[in-house]
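**Student:** Numbering (this note's numbering), first residue to last: 10 to 439.
Ideal Cβ placement from N, Cα and C applies to all residues, glycine included.
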Amino acid sequence: MKYSPIDSNLFVKNRKKFTAQMKPKSIAVFNSNDIYPIGADSTLPFEQSRDLFYLCGADQEETILLLFPDAMDPKHREILFVRETNDHIAVWEGAKLTKEQATEVSGIETVYWLTDFDKVFFDLMTEADTIYFNTNEHYRQAVETQTREDRFIEKCKKEYPAHQWAKSNPILQQIRGIKEPEEIAIMQTACDITEKGFRRILEFVKPGVWEYEIEAEFAHEFIRNRSKGYAYAPIIAAGNNANVLHYLENNRQVKDGDMILLDLAAEYANYSSDMTRTIPVNGRFTDRQKQVYSAVLRVKNEATKMLVPGVIWAEFHKEVGKVMTSELIGLGLLDKADVQNENPDWPAYKKYFMHGTSHHIGLNTHDYGELKTPMKPNMVFTVEPGIYIPDEGMGVRLEDDVVIQETGEPFNLMRNIPIEIEEIEELMNS
Numbered sequence: 010m011k012y013s014p015i016d017s018n019l020f021v022k023n024r025k026k027f028t029a030q031m032k033p034k035s036i037a038v039f040n041s042n043d044i045y046p047i048g049a050d051s052t053l054p055f056e057q058s059r060d061l062f063y064l065c066g067a068d069q070e071e072t073i074l075l076l077f078p079d080a081m082d083p084k085h086r087e088i089l090f091v092r093e094t095n096d097h098i099a100v101w102e103g104a105k106l107t108k109e110q111a112t113e114v115s116g117i118e119t120v121y122w123l124t125d126f127d128k129v130f131f132d133l134m135t136e137a138d139t140i141y142f143n144t145n146e147h148y149r150q151a152v153e154t155q156t157r158e159d160r161f162i163e164k165c166k167k168e169y170p171a172h173q174w175a176k177s178n179p180i181l182q183q184i185r186g187i188k189e190p191e192e193i194a195i196m197q198t199a200c201d202i203t204e205k206g207f208r209r210i211l212e213f214v215k216p217g218v219w220e221y222e223i224e225a226e227f228a229h230e231f232i233r234n235r236s237k238g239y240a241y242a243p244i245i246a247a248g249n250n251a252n253v254l255h256y257l258e259n260n261r262q263v264k265d266g267d268m269i270l271l272d273l274a275a276e277y278a279n280y281s282s283d284m285t286r287t288i289p290v291n292g293r294f295t296d297r298q299k300q301v302y303s304a305v306l307r308v309k310n311e312a313t314k315m316l317v318p319g320v321i322w323a324e325f326h327k328e329v330g331k332v333m334t335s336e337l338i339g340l341g342l343l344d345k346a347d348v349q350n351e352n353p354d355w356p357a358y359k360k361y362f363m364h365g366t367s368h369h370i371g372l373n374t375h376d377y378g379e380l381k382t383p384m385k386p387n388m389v390f391t392v393e394p395g396i397y398i399p400d401e402g403m404g405v406r407l408e409d410d411v412v413i414q415e416t417g418e419p420f421n422l423m424r425n426i427p428i429e430i431e432e433i434e435e436l437m438n439s
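Following this line, the structure appears as structure tokens:
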């Protein structure tokens, strides 16, 4: 792995939080992700299951974590199963974790080879009444591919029909949403790498460069700072492309007078950052661009102040909508009649700001975390308002990642990334 080792105490704490909520005489199993094929002998780069990584830190394929707090044999209360290395694997792929290394990474004393799983699992299931299955219940998931986890659940239901079933996801939603200090430090590193990439392109961008060249500049800076690269597919949208919310082609030449919307960020140690900035191609905003940009920035600043313990996510979005409505009236994009006659289910401001303002961020860019209960300290959210005006060929979005505090305003992990008009113009013209 490119990233520096993570203290295994983080994973020990995470497992304790999970097992504290398990039913008596229950087992929870977590599988690594598959390596996904492209065709012939080609595969996509391996990405670890974020749930398994959260609980044990093992970052290799064909790994299984088993938790059984009530196991009769104390050494079987936490077990990590890993793929055994042989000489062929060592030569062609590189050696996998030894049992000793797996313990060092995870803090789990009992490590078995993956080939022992079925035998050990059968024995432990004779002691258990309930099996926790790890299903994906993220509110935005739309997965059609059968995962390694899906296959395990299917097999388990067939072979152990007399056991009760329970869901791991509600526990994970609760505990993954509140970050440990070690996690926040890792996310700060991801944000710092993102800052380096942004400062690099402020010197690079000028009329005539291509969106994909900007993409390459960011990737260079991310990887040279021990990131695998982008935390999510980068959006580099010049001019009217900014009005396509998930524009991914990145194949247009940027023009004098346009702005570029940059929604992209680095990952680090499997944790995401998520940044959006909008900059002028020629280094100077026009007066109209400044008006729209400043309106978005004011909304972002006001929305950030609202992220405090006790706030409900849905109510937060309604309040942000009110602030945005006021700004859109000030820009001449809405009038009072538009607001008076609006559809409550699709308020007038949605014509120019049609997406949400905030989501959890962590091991996933759109991370697990409770949304229907009050916000809590150490939850990490994005704040990302935007105004999109196709008729004027511009779209502006600004986004930072912030940590909810016990009291007061959130702590901004992207506080050092330039966002003020004057600073951006100065850096682009220095």
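1. Is there contact between the region 172-191 and the region 148-155, where contact requires at least three CB pairs shorter than 8 Å?
2. Under 8 Å, do P383 and I413 count as touching if we go by C-beta distance?
3. Does the beta-carbon distance from L372 to Y221 come in below 8 Å?
4. Can you have a look at F325 and say buried or exposed, based on whether 16 or more other CB atoms are within 10 angstroms of its CB?
5. Evaluate contact between the region 359-377 and the region 185-197, counting only Cβ atoms and requiring at least three cross-stretch pairs below 8 Å.
6. Are the beta-carbon atoms of P394 and A274 separated by less than 8 Å?
7. Around the C-beta of G217, are 16 or more other C-beta atoms found within 10 angstroms, so that it is buried, or is it exposed?
8. Return yes when the Cβ of N421 is within less than 8 Å of the Cβ of V405, no when it is not.
9. Give the C-beta separation of F231 and G206 to the nearest angstrom, bearing in mind that I take them to be a contact with Cβ-Cβ under 8 Å.
10. So, helix, strand or coil for M81, using DSSP?
11. Assess, as a yes-or-no matter, whether the region 14-31 is touched by the region 104-119 under the definition of 3 or more beta carbon pairs within less than 8 Å.
12. What would DSSP say about Q182, mapped onto helix, strand or coil?
13. Once you ignore the five residues that flank V100 on each side, which residues in its own chain have a CB closer than 7 Å to its CB?
14. Whole-angstrom Cβ separation of T285 and E401, contact assumed at under 8 Å?
15. Give the straight-line distance between the Cα atoms of D1 and F362, rounded to the nearest whole angstrom.
16. Where does the unbroken alpha helix (DSSP H) through K309 begin, and where does it stop?
17. Out of curiosity, what's the CA-to-CA distance linking T287 and V305?
18. Of the residues E351, R185, I98, P78, which one's Cα is nearest the Cα of M134?
19. Excluding the 5 residues flanking K345 on each side, which residues of the same chain have their C-beta closer than 8 Å to its C-beta?
20. Go ahead and pull the three-state DSSP assignment for I202.
21. Beta-carbon separation of T391 and D283 under 8 Å?
22. With contact counted as at least three CB pairs below 8 Å, one residue from each stretch, are the region 30-40 and the region 201-215 in contact?
23. Let me check understanding here. Comparing Cα to Cα, which of K25, E87, I180, T366 lies closest to I73?
24. Threshold first: 4 residues or longer. Then list the alpha helix (DSSP H) segments lying entirely within the region 324-357, N to C.
25. Please identify the residue among E432, V389, L436, M437 whose C-alpha is closest to the C-alpha of I187.
26. Answer with buried or exposed for R185, where buried requires no fewer than 16 other C-beta atoms within 10 angstroms of its C-beta.
**Tutor:** The answer reads as follows:
1. no
2. no
3. no
4. buried
5. yes
6. no
7. Counting the other CB atoms within 10 Å of its CB gives G217 a total below 16, which places it among the exposed residues.
8. no
9. 6 Å
10. coil
11. yes
12. helix
13. none
14. With 8 Å as the limit, T285 and E401 do not qualify as a contact, their Cβ atoms being about 19 Å apart.
15. Any property of residue 1 remains undetermined from this structure, which presents the chain solely from 10 to 439.
16. 296-315
17. 10 Å
18. P78
19. I338
20. helix
21. T391 places its beta carbon less than 8 Å from that of D283.
22. no
23. That would be E87, whose Cα lies nearest to the Cα of I73.
24. 345-349
25. V389
26. buried
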